[in-house]
Amino acid sequence: MYDHILFDVADSVATITLNRPDKLNALTTEMSRELVYAQKQCARESGVRCVVLTGAGRAFSAGQDLQEFQMLEGRATVGDHLRRGYHRVVMGFRQLEKPVIGKINGVAAGAALGYALATDLRIASDKASFVPAFIRIGLAPDSGVSWFLQQLVGPAKAFELLATGVRLDAQEALRLRIINQVVAPKDLDSTVSELAQRLVMGPTRGIGLTKSVLNKAAGHNLADTLEYEAQIQDIAYSTTDHKEDVAAFLEKRPPQFSGQ
Ligand code: T3D
15 MYDHILFDVA DSVATITLNR PDKLNALTTE MSRELVYAQK QCARESGVRC VVLTGAGRAF
75 SAGQDLQEFQ MLEGRATVGD HLRRGYHRVV MGFRQLEKPV IGKINGVAAG AALGYALATD
135 LRIASDKASF VPAFIRIGLA PDSGVSWFLQ QLVGPAKAFE LLATGVRLDA QEALRLRIIN
195 QVVAPKDLDS TVSELAQRLV MGPTRGIGLT KSVLNKAAGH NLADTLEYEA QIQDIAYSTT
255 DHKEDVAAFL EKRPPQFSGQ
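In structure tokens, the structure reads:
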């Protein structure tokens, strides 16, 4: 079913691997289609309680496959290509009401930087790097990179990064709060796996609703956000996990979350 990605579920964690290692996992139209399909699978399956996005081989992804990009000329506008592929993938990760960890194993460039930034938590190997490559080929940012970067580092730094296309190493990305943690390459799998298991053991619906509130708050004023929080809290209050957590607290025992 999947040619350009790998999809695997184990211990309630779905791992999506961008899988064109001989092309630094450069992104294709087919890969976007498969990513959207995998996201729907993650949303649908109650047994999936955390998602990990990573790349095969030495790269996370080099962004749009530039060979494919050349072939697109005359077939679709670039805007339509973005709308049909990249926008759906980025929104898919943001709207998935389950935690998504970016396991950044190597370089993340161009639109793939957008994919990395669309995850909820980013753990990078110290071999990883971050390249807002658009300007290097004379393009403006897309795939949400302008929005995410501005939120993370502020407008002046975002402009500097996007206008120069500078390659950031993992330590600098951590300093700028673009990522959550940097680890030695040998520790990347175990660090992400431990974090994923911690999230899997948590109240998955509450975590998903938290993500939803943060998404909303990013684009709204305080009054609108307060109202949205109140609506979301009604939903969170009705979950089995909320009731279990309160009961466990009162009974002085650890909670057992079902994710419902
Ligand atoms: O509608 C739309 O689709 C528009 C959307 C655009 C969104 C974008 O993503 S625009 C940005 C596209 N990406 C780039 O411009 C990045 C180009 N690549 C690089 O700048 C560098 O390769 C990297 C910084 C990512 C990594 O550098 P390095 O030194 O680690 O590797 P390398 O030696 O440059 O590349 C290794 C191979 O991968 C090489 O092929 P070869 O010589 O071994 O046969 C290189 O050509 C290939 N490669 C790297 N990036 C791409 C690629 N092939 C196709 N597409 C790529 N993006």
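Numbering (my numbering), first residue to last: 15 to 274. We put the beta carbon where it would ideally sit given N, CA and C, even for glycine.
Between V197 and S157, the gap from beta carbon to beta carbon reaches 9 Å or more. A Cβ-Cβ contact shorter than 9 Å links P113 with L135. Remark: fewer than three beta-carbon pairs, one from each stretch, lie closer than 8 Å, so the segment 149-156 and the segment 208-225 are not flagged as touching. About 15 Å separates the Cβ atoms of D22 and V214, ruling out a contact at the 8 Å cut-off. Rounded to whole angstroms, the gap between the alpha carbons of R34 and G120 is 13 Å. With respect to the 9 Å criterion, R108 and A138 are not classified as neighbours on the basis of their beta carbons. Between the C-alpha atoms of P217 and D36 there is a straight-line separation of about 39 Å. Counting along the chain, L135 sits inside the beta strand (DSSP E) bounded by residues L135 to S139.
T253 and K200 have their C-alpha atoms roughly 38 Å apart. If you look at A73, you'll find it isn't in any alpha helix (DSSP H); it sits in the beta strand (DSSP E) that goes A73 to S75. Counting C-beta atoms within 10 angstroms of its own C-beta, F271 has 16 or more neighbours from the protein chains shown and is therefore classed as buried.
In the displayed model, K171 falls within a helix according to three-state DSSP. The beta-carbon distance between A250 and G220, rounded to whole angstroms, is 5 Å. This is short enough to meet the 8 Å contact definition.
Within the same chain, Cβ atoms closer than 7 Å to the Cβ of E258 are found at P269, Q270 and F271, the five residues on either side in sequence being excluded. In the structure shown, A261 falls within a helical segment according to DSSP collapsed to helix, strand and coil.
Apart from the 5 residues on each side of it in sequence, G61 sits with its Cβ closer than 8 Å to the Cβ of V23 and S26 in its chain, given in chain order. Here the distance from the Cβ of S160 to the nearest heavy atom of the ligand T3D is not below 8 Å.
Not a single heavy atom of the ligand T3D lies less than 8 Å from the C-beta of R89.
Under the three-state reduction of DSSP output, A122 falls in the strand class. Listed as beta-bridge partners of G220 by DSSP are no residues whatsoever. The beta carbon of Q195 lies closer than 6 Å to those of I137 in the same chain, with the five residues before and after it left out.
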